[in-house]
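Participant:
In the working numbering, the protein residues as written are 286 to 456.
(1) Could you tell me the distance, in whole angstroms, from the CA atom of residue 337 to the CA atom of residue 326?
(2) Would residue 389 pass as a contact of residue 360 if the rule is Cβ separation under 8 Å?
(3) Ordered along the chain, which non-local residues of its own chain (more than five positions away) have a Cβ less than 7 Å from that of residue 339?
(4) Do residue 384 and residue 420 have their CB atoms nearer than 8 Å?
(5) Helix or strand or just coil, what does DSSP make of residue 429?
(6) Examine the Cβ distances between the segment 291 to 304 and the segment 363 to 380 and report whether three or more of them are shorter than 8 Å.
(7) In or out: residue 437 buried (at least 16 other Cβ within 10 Å) or exposed?
(8) Where do the ends of the beta strand (DSSP E) carrying residue 350 lie?
(9) Under 8 Å Cβ to Cβ from residue 329, same chain only, skipping five residues before and after it: list those, please.
(10) With a floor of 4 residues, list each alpha helix (DSSP H) that falls wholly inside the segment 380 to 412, ordered by position along the chain.
(11) Ends of the beta strand (DSSP E) at residue 333?
(12) Using the beta-carbon count (16 or more within 10 Å), is residue 368 buried or exposed?
(13) Does the beta-carbon distance from residue 350 to residue 308 come in below 8 Å?
(14) Quickly, what does DSSP pair residue 323 with across the bridge? List them, please.
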């Protein structure tokens, strides 16, 4: 099975996990309540986020749906047209698409995103969800891919061709 198909299957599985976890939290943990997950490290905290990261653009539901949809369409186009072919870039795009879809589904259906993971050791860090983990992981992986790809490309461009550095008269 080609790596692109495996990446797409992983993205679908993560999207399903994201939606399942959000549903589970909604049914089992009252809004604003907390429950330990990894004591001293991460707790579950039921939160409704009406914005994006750090609640930016709060209340701009449809702007966020449209903006996220545009980004996802660009990434999907890059994959379909095979502009991004390297496994690292493909996986990065699939992770971002998976996370973006998870949060779009919440925004369109509920008007907010269900968040649940909270770092206990860093109080001011925002509560996040599986989709956010996918987006951040995909972006980090994409940066690694970009750095690797363009560094490799730049080194190829710098390589001299033929005997450009050789003395003219063989001396």
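The C-beta atom is built at its ideal place from N, Cα and C for all residues, glycine as well.
Keep in mind it's a predicted model, so treat the numbers as computed, not measured.
Facilitator: Put simply:
(1) 23 Å
(2) no
(3) 411
(4) yes
(5) helix
(6) yes
(7) exposed
(8) That residue, residue 350, is in no beta strand (DSSP E); its alpha helix (DSSP H) goes 346 to 365.
(9) 310, 314, 319, 320, 321, 322, 401, 402, 403
(10) none
(11) 327 to 334
(12) exposed
(13) no
(14) 327
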